[in-house]
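The block underneath contains the structure these notes are about, expressed in structure tokens.
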Amino acid sequence: MLNAYFVYKRVRGQELWTSDVITTTLPLSLYIKLFVNKINYNFDQINSIKMTEIPRYFFVFKTVTKADTTALLDEKLVDESRSRLAQIFDLLNNDEKSQILLDFHELNLKFCIRERFSEEKTSTVLGIFNYALSKAIEGALSRSACFEIFKKLLLKHSVERSPYSIAVFTLDDLKKVLDFALCTFFQYYSLYEYIFTPHTDLSLRVVSRFEGRFPLVLPLSEGSQADANNIAVLDPYIEKPIEEEAPAEENPEEEEDPMADPLQYLLNMEMKAIKAELEEKIKKQDDEFLSKLDSFKR
């Protein structure tokens with residue numbers, strides 16, 4: 487039984503065109519469970535798809551014509567499929583990148599043959615994979631950005647809503663293609679990024695912006711030895727020994743003239759006598775102390 491479900495989305499009172507009719511043989515609950523959980527889309531995301539991000543044309547016999555698809559699926563021409571893919575995708579060069587792309591398309595073709603896809607489905611699968619990889623290489627897209635384009639192209643060929651989309655794939659086909667893409671192309675997406683991203687070797691060289699000009703210096707062989715002490719310019723840089731001044735000799739005490747100041751003379755004489763007496767007493771006390779100290783030691 488063929489069921490047609492009408493899904494509308496209103497944003498700010500304006501009805502959107504996307505996902506308004508869904509045609510499937512499955513019940514609505516099962517369809518939503520499989521479609522939303524597997525493709526990681528909810529209906530709000532489906533409604534937000536911009537058709538300007540993907541081509542307006544369909545890939546049925548677009549990239550790969552009907553005659554080429556028939557030849558690729560012919561069991562008698564299986565051995566010639568690689569050379570035919572090289573002609574279809576213009577990969578006639580024998581370089582490394584061309585061989586990698588041929589392996590990529592040949593793997594996709596073997597998947598279609600294994601799943602017994604029709605000519606329309608095979609042509610569409612090969613075209614979608616080729617478009618996604620080409621856009622990823624041209625725009626240096628991330629894995630998530632390329633996966634978004636891939637999902638939109640699958641959706642464009644899975645819902646009958648002309649002229650915006652056509653129903654080439656069934657829900658079961660959609661699951662198979664998506665599983666295959668996740669296990670092959672998107673699992674090793676980083677390797678494709680590395681291979682097809684242009685690499686530029688940057689050579690850095692340090693150059694002085696302002697080159698100083700030094701005066702011409704004569705070679706040492708033409709010079710002569712000179713005394714640095716005779717060159718006034720070098721005086722600040724020459725260490726000279728410090729000359730120590732000889733200590734001034736103490737003048738012997740001049741004998742005082744008693745007639746000059748008799749009072750001062752008498753006072754000085756008295757002070758000398760007291761000083762001599764005091765020194766004598768201190769010496770005597772020191773001698774007594776030392777003698778007593780010696781007696782204690784004995």
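What the sequence shown shows, in this note's numbering, is residues 487 to 784, in sequence order. Every residue gets a Cβ at the ideal spot worked out from N, C-alpha and C, and that includes glycine.
Work out the CA separation of residue j and residue i for me, nearest whole Å.
i: L657; j: R691; result: 59 Å
i: S505; j: I635; result: Residue confidence is low: S505 scores 36 on pLDDT, short of 50, so the model does not pin down where it sits. Its coordinate-derived value is still stated next. Approximately 17 Å between the Cα atoms of the pair.
i: E756; j: F782; result: 40 Å
i: S628; j: L558; result: 31 Å
i: D541; j: D565; result: Per the sequence presented here, residue 541 reads as Pro, with Asp not at that position. Cα to Cα, P541 sits roughly 33 Å from D565.
i: G709; j: L702; result: 14 Å
i: L704; j: S689; result: 38 Å
i: L577; j: F682; result: 14 Å
i: K637; j: F666; result: 13 Å
i: E592; j: V693; result: 52 Å
i: R699; j: D687; result: 34 Å
i: E561; j: V611; result: 19 Å
i: Y678; j: P684; result: 12 Å
i: N579; j: F655; result: 33 Å
i: I768; j: D721; result: 59 Å
Between which residues of its own chain and residue i is the CB-CB distance below 7 Å, once the five residues before and five after are set aside?
i: G613; result: F545, K548, T549, V550
i: F672; result: R629, F633
i: I574; result: V550, D554
i: I623; result: F682
i: L668; result: none
Quick one: residues in its chain with C-beta nearer than 6 Å to the C-beta of residue i, no 5 flanking neighbours on either side, listed in chain order?
i: F615; result: N594
i: S584; result: L577
i: E448; result: The chain is shown only over 487 to 784; residue 448 falls outside these bounds and no answer can be derived.
i: S651; result: K642, V645
Return the Cβ separation of residue i and residue j in integer angstroms, given the expectation that the two are a contact with Cβ distance under 8 Å.
i: H607; j: D554; result: The amino acid occupying residue 607 in the given sequence is Lys; His does not appear at that position. No, K607 and D554 are not in contact; Cβ-Cβ is about 14 Å, not under 8 Å.
i: R568; j: L588; result: 6 Å
i: V645; j: A653; result: 6 Å
i: E605; j: K552; result: 6 Å
i: A714; j: I728; result: 18 Å between Cβ atoms; not a contact.
Please identify the residue among the options whose C-alpha is closest to the C-alpha of residue i.
i: T556; options: N580, V719, I724, F603; result: F603
i: F590; options: L776, K642, Y543, Y675; result: Y675
Using a Cβ cut-off of 8 Å (strictly closer), state whether residue i contacts chain C.
i: C669; result: The structure shown contains no chain C; it is built from a single protein chain.
Less than 8 Å between C-beta atoms, sequence neighbours within five positions excluded: which residues of the same chain meet that for residue i?
i: A618; result: C632, I635, F636, L639, F671
For residue i, verify whether its CB is less than 7 Å away from any heavy atom of the ligand FAD.
i: Q585; result: With respect to the ligand FAD, the structure offers nothing, as it holds no ligand at all.
Any alpha helix (DSSP H) of 4 or more consecutive residues that is wholly inside the region 602 to 668: 605 to 625, 629 to 642
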